[in-house]
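Chemist:
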Amino acid sequence: MDTADIETKVIQFISTKVENLDAAVIDRSSKFEDLGLDSMDTIQLLFDAEDTFGISFDSEEAKGFTSVGDIVSYIEKHQASSA
Amino acid sequence: MRVVVTGMGVVSPIGVGVERFWEAAVAGVSGIRSITAFNASGQRSRVAGEVPGFDPAAFLTPKYLDQTDRFTQLALLATDLALEDAGGLDAYAPQRLAVSVGSGMGGFSTFESSALRKFRDQPIPPFTVPRTMANSAAAWIAIRHKFKGVNLTCSTACSSGANAIGMALDLLRTGRADAVIAGGAEGCVLPLTMTGFEVLHALTTGFNTEPARASRPFAKGRDGFVMAEGAGILILEREDEAVRRGAKMYACLAGYGQACDAVHIVMPDMEGQVTAMRAAIEDAGMGPDAVEHINAHATSTPLGDVVETRAIKHLFGSRSREIAINATKSMVGHSIGASAAIGSIATVMALHSGTIHPTINLDEPDPECDLDYTPNSAQQRNPRNGLCNAFGFGGSNASIVFTTLE
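Residue numbers (the working numbering), protein chains in the order written: chain A, 1 to 83; chain B, 84 to 489.
(1) Rounded to whole angstroms, what is the Cα-Cα separation between Asp-323 (chain B) and Gly-355 (chain B)?
(2) At what residue ranges does the stretch 388-456 of chain B contain a whole run of the alpha helix (DSSP H), taking only runs of 4 or more?
(3) Do the stretch 273-281 of chain B and the stretch 200-220 of chain B meet, that is, are 3 or more Cβ pairs less than 8 Å apart?
(4) Which term fits Ile-483 (chain B), buried or exposed, when burial requires 16 or more other beta carbons within 10 angstroms of its beta carbon?
(5) Applying a beta-carbon distance threshold of less than 7 Å, which residues of chain A neighbour Phe-210 (chain B)?
(6) Go to His-376 (chain B), then tell me how far its beta strand (DSSP E) extends in each direction, as first and last residue.
(7) Rounding to the nearest angstrom, what Cα-Cα distance links Ser-422 (chain B) and Thr-144 (chain B) in this structure?
(8) At which residues does the alpha helix (DSSP H) containing Ser-39 (chain A) begin and terminate?
(9) Taking the Cβ atom as the reference point for each residue, do Asp-168 (chain B) and Met-91 (chain B) lie within a distance shorter than 8 Å?
(10) Helix, strand or coil, according to DSSP, for Asn-246 (chain B) in the structure here?
(11) Taking Cβ-Cβ distances shorter than 7 Å, what residues in chain A pair up with Pro-145 (chain B)?
(12) Does any residue of chain B bring its CB to less than 8 Å from the CB of Asp-41 (chain A)?
(13) Rounded to a whole number of angstroms, what is the C-alpha to C-alpha distance between Ser-242 (chain B) and Asp-51 (chain A)?
(14) Does DSSP classify Thr-236 (chain B) as helix, strand or coil?
(15) Considering only the beta carbon of each residue, do Val-88 (chain B) and Leu-336 (chain B) sit closer than 8 Å?
(16) Which residues in the same chain as Lys-303 (chain B) place their Cβ atom closer than 8 Å to its Cβ, once the five residues preceding and following it in sequence are excluded?
(17) Run through DSSP, which three-state label would Pro-385 (chain B) get?
(18) Note down, in chain order, each residue of its chain lying with its Cβ closer than 8 Å to the Cβ of Glu-489 (chain B), except the 5 sequence neighbours on either side.
(19) Quick check on Gln-150 (chain B) - is its C-beta less than 8 Å from some C-beta in chain A?
(20) Quick one: grab the DSSP three-state call for Ile-364 (chain B).
(21) Tell me the residue span of the alpha helix (DSSP H) that contains Ala-345 (chain B).
(22) When you compare only the Cα positions, how much space is there between Ala-83 (chain A) and Leu-148 (chain B)?
(23) Please compile the residues from chain A whose C-beta is within a distance smaller than 8 Å of the C-beta of Pro-206 (chain B).
(24) Have a look at the DSSP bridge pairing and note the partners of Thr-486 (chain B).
(25) Give the C-beta separation of Ser-30 (chain A) and Val-68 (chain A) to the nearest angstrom, bearing in mind that I take them to be a contact with Cβ-Cβ under 8 Å.
(26) Reducing DSSP to helix, strand and coil, say where Ser-124 (chain B) ends up.
(27) Closest to Gly-315 (chain B) by CA distance: which of B:Gly-249, B:Ala-265, B:Val-130, B:His-284 is it?
(28) Taking DSSP as the reference, what is the three-state secondary structure of Ser-30 (chain A)?
(29) Classify Ala-461 (chain B) as helix, strand or coil using the three-state DSSP reduction.
(30) Beta-carbon separation of Ile-408 (chain B) and Thr-457 (chain B) under 8 Å?
(31) Could you check the C-alpha separation between Gln-205 (chain B) and Gln-463 (chain B) for me, to the nearest Å?
(32) For my contact list, Gly-185 (chain B) and Gly-420 (chain B) are in at a C-beta cut-off of 8 Å; report their separation, rounded to the angstrom.
(33) Are the Cβ atoms of Val-390 (chain B) and Pro-351 (chain B) separated by less than 8 Å?
(34) Answer with buried or exposed for Thr-42 (chain A), where buried requires no fewer than 16 other C-beta atoms within 10 angstroms of its C-beta.
(35) Let me know the secondary structure DSSP gives Glu-507 (chain B) once reduced to three states.
What follows is the structure, given as structure tokens:
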């Protein structure tokens with residue numbers, strides 16, 4: 001996956017996790033909070049993202065995730081390091 | 084002060100919604116089939132009462148799907164249906180609306196799948212604990228509908244649903260709530276849970292190729308109960324308040340009795356059952372001579388059905404054979420903590436419609452089970468009252484009395 005692909009797929013994934021959320025309104029800068037996800041919802045989101053994208057978030061690092069971009073960047077970095 | 088049933092919701096192997104459930108029950112339809120929920124080829128008991136076509140995604144948002152166990156999802160659907168049937172409870176302050184739900188196993192679907200992941204060194208879902216905990220169904224009912232009053236969960240194995248309804252009666256009588264959403268839910272058609280019951284020789288094993296014949300309370304050759312899932316929810320209100328808001332009323336919840344065997348952790352004892360039934364009848368202001376219908380606990384285990392028959396004969400004496408008895412589990416199997424809630428709905432419908440649904444698979448009764456169990460065909464008996472029995476592991480016995488509105 002190239003960077004644009006990852007971003008699109010993460011946005012698409014997040015849109016399925018929140019009721020009535022159109023992928024078109026989500027971008028890399030979207031904060032979880034603004035998408036209607038509380039801190040517990042975010043933990044669930046990251047758990048599901050691990051399965052969906054076949055990755056494993058470092059739990060300490062994931063604690064600091066606040067936006068869509070944090071997930072996208074992590075996957076990009078992870079893919080780069082494992083490539 | 085009388086307490087009335089103003090709405091009911093049921094999610095069962097023979098139908099979702101009271102109308103479909105009751106139509107199937109009166110027709111004597113079996114909801115028992117080969118297990119589809121998981122690969123059951125390694126189980127000794129390979130039949131169950133699953134709710135066909137149950138799709139939580141059809142009525143729950145992604146957040147609910149992530150954060151709830153199957154038993155909660157079954158409870159939420161039953162609650163939605165019951166509230167719709169009751170015409171909503173907007174007449175009451177949210178702080179006066181209570182929830183009382185029974186479940187024997189709670190969120191064991193989540194527990195089993197998360198345990199499997201953990202033992203394989205895989206990460207577990209973040210909501211493993213809040214999905215598994217027994218009070219999650221009651222809590223999610225409150226969250227979904229903003230019921231801010233008393234919120235209770237009762238876990239007394241197979242009598243959980245009956246005790247939850249009994250606790251609701253107490254809440255209304257003591258003025259702790261104006262309306263209670265009460266019932267039971269269970270989602271344990273699961274490999275570990277079923278194996279646990281198998282090793283106790285509690286489940287049927289001899290009817291794996293004939294599922295519809297597997298649940299056969301009081302019948303000769305019965306060999307254990309059929310595991311089932313489901314939920315039943317009743318809306319209970321004080322009669323004066325229900326009248327004031329113009330609610331339709333099905334029946335009265337008139338009495339509740341409870342007794343513990345204090346003998347054995349799993350084997351039933353007649354004395355505790357007799358005490359619970361007697362206490363419920365007295366609580367309803369009646370005597371044993373007045374009882375006209377019994378929705379029996381009747382799980383289809385060799386011992387349980389005989390002990391319940393003896394208990395009925397002990398309490399009702401020569402009148403025992405005049406009582407119209409039936410076993411809802413002959414069609415839906417045994418949904419543990421939901422079973423008495425579903426049985427209560429069947430009891431209320433018997434009073435409301437006058438019809439006693441049949442006990443199916445009762446072609447040849449066990450000689451030790453010699454009462455009128457309404458074998459194979461429904462009967463129009465127009466009972467004025469009905470007792471719903473629930474006897475659980477732990478020697479936990481509960482009986483509930485419903486009466487017609489007259």
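In this text, a Cβ means the ideal position worked out from N, Cα and C, and glycines have one as well. Model, not experiment: these values are computed from the prediction.
Modeler: Walking through what the data contain:
(1) The residue you call residue 323 (chain B) lines up with position 240 of the second sequence. The residue you call residue 355 (chain B) lines up with position 272 of the second sequence. Near 34 Å, if we compare the C-alpha coordinates of Gly-355 (chain B) and Asp-323 (chain B).
(2) Counting only unbroken stretches of 4 or more residues, the alpha helix (DSSP H) elements lying wholly within the stretch 388-456 of chain B are 412-415, 422-436, in sequence order.
(3) no
(4) By one-based count along the second sequence, residue 483 (chain B) stands at place 400. Counting Cβ neighbours within 10 Å, Ile-483 (chain B) comes out buried, since at least 16 surround it.
(5) For this step, residue 210 (chain B) is matched to residue 127 along the second sequence. Near Phe-210 (chain B) (Cβ distances below 7 Å), the residues of chain A are Gln-44.
(6) Reading the second sequence from its first residue, position 293 is the one you call residue 376 (chain B). Element bounds for His-376 (chain B): 376-378.
(7) Position 339 of the second sequence holds residue 422 (chain B). Position 61 of the second sequence holds residue 144 (chain B). Roughly 27 Å separates the two Cα atoms.
(8) Numbered from its first residue, the first sequence carries residue 39 (chain A) at position 39. Taken as a continuous stretch (DSSP letters only), the alpha helix (DSSP H) holding Ser-39 (chain A) covers 39-53.
(9) One-based indexing of the second sequence puts residue 168 (chain B) at position 85. One-based indexing of the second sequence puts residue 91 (chain B) at position 8. Yes. Within cutoff.
(10) As a working note, residue 246 (chain B) is residue 163 in the second sequence. Here Asn-246 (chain B) sits in helix by DSSP.
(11) Counting from 1 along the second sequence, the entry for residue 145 (chain B) is found at position 62. Correct list: Thr-16, Lys-17, Val-18, Glu-19.
(12) The residue labelled residue 41 (chain A) in the question sits at position 41 within the first sequence. Output row for Asp-41 (chain A): interface = yes.
(13) Counting from one through the second sequence, the residue named residue 242 (chain B) turns up at place 159. Counting from one through the first sequence, the residue named residue 51 (chain A) turns up at place 51. When rounded, the distance between both Cα atoms is 39 Å.
(14) As a position in the second sequence, residue 236 (chain B) is number 153, starting the count at 1. If DSSP states are grouped into helix, strand and coil, Thr-236 (chain B) belongs with the strands.
(15) On the second sequence, residue 88 (chain B) is found 5 positions in, with the first residue counted as 1. On the second sequence, residue 336 (chain B) is found 253 positions in, with the first residue counted as 1. Yes.
(16) As a position in the second sequence, residue 303 (chain B) is number 220, starting the count at 1. Closer than 8 Å at Cβ, skipping near neighbours: Glu-447, Pro-448, Asp-449, Pro-450.
(17) Working through the second sequence from its first residue, we reach residue 385 (chain B) at position 302. Three-state result, Pro-385 (chain B): helix.
(18) Within the second sequence, the letter at position 406 stands for residue 489 (chain B). Here the set comprises Arg-467.
(19) What you label residue 150 (chain B) is simply residue 67 of the second sequence in a count that begins at 1. At least one chain A Cβ lies under 8 Å of Gln-150 (chain B).
(20) The residue given as residue 364 (chain B) occupies position 281 in the second sequence. Three-state DSSP puts Ile-364 (chain B) in a helix.
(21) In the second sequence, residue 345 (chain B) corresponds to position 262, counting from 1. Note, Ala-345 (chain B): premise wrong, no alpha helix (DSSP H); not H, not E.
(22) Along the first sequence, one-based indexing puts residue 83 (chain A) at 83. Along the second sequence, one-based indexing puts residue 148 (chain B) at 65. Low confidence applies here, because Ala-83 (chain A) scores a pLDDT of 49, under 50, leaving its location unreliable and the question unanswered by this model.
(23) Walking along the second sequence from the start, residue 206 (chain B) turns up at place 123. What Pro-206 (chain B) touches in chain A: Phe-47, Glu-50, Ser-56.
(24) Your numbering for residue 486 (chain B) matches position 403 in the second sequence. Answer is B:Cys-335, B:Asn-468, bridged to Thr-486 (chain B).
(25) Taking the first sequence and counting its residues from 1, one reaches residue 30 (chain A) at position 30. Taking the first sequence and counting its residues from 1, one reaches residue 68 (chain A) at position 68. Yes, they are in contact, since the Cβ atoms of Ser-30 (chain A) and Val-68 (chain A) sit about 5 Å apart, within 8 Å.
(26) Residue 124 (chain B) sits at position 41 when you count from the first residue of the second sequence. Here Ser-124 (chain B) carries a coil assignment [DSSP, helix/strand/coil].
(27) Here residue 315 (chain B) refers to the residue found at position 232 of the second sequence. Selection B:Gly-249, B:Ala-265, B:Val-130, B:His-284 evaluated against Gly-315 (chain B) yields B:Ala-265 as nearest (Cα-Cα).
(28) Numbered from its first residue, the first sequence carries residue 30 (chain A) at position 30. Here Ser-30 (chain A) sits in coil by DSSP.
(29) Translated into the one-based positions of the second sequence, residue 461 (chain B) becomes position 378. In the structure shown, Ala-461 (chain B) sits in coil (DSSP, three-state: anything other than H, G, I, E or B).
(30) As a position in the second sequence, residue 408 (chain B) is number 325, starting the count at 1. As a position in the second sequence, residue 457 (chain B) is number 374, starting the count at 1. Taking 8 Å as the cut-off, the beta carbon of Ile-408 (chain B) is found closer than this to the beta carbon of Thr-457 (chain B).
(31) Stepping through the second sequence from its first residue, residue 205 (chain B) is reached at position 122. Stepping through the second sequence from its first residue, residue 463 (chain B) is reached at position 380. Their Cα atoms are separated by approximately 57 Å.
(32) Along the second sequence, read from residue 1 onward, the residue named residue 185 (chain B) stands at position 102. Along the second sequence, read from residue 1 onward, the residue named residue 420 (chain B) stands at position 337. That belief holds up - the Cβ atoms of Gly-185 (chain B) and Gly-420 (chain B) are roughly 5 Å apart, short of 8 Å.
(33) The residue labelled residue 390 (chain B) in the question sits at position 307 within the second sequence. The residue labelled residue 351 (chain B) in the question sits at position 268 within the second sequence. It is a contact, given that the beta carbons lie within the stated cut-off.
(34) For this step, residue 42 (chain A) is matched to residue 42 along the first sequence. Result: buried.
(35) Residue 507 (chain B) lies beyond the residue range present for chain B, which begins at 84 and ends at 489; the question has no answer from this structure.
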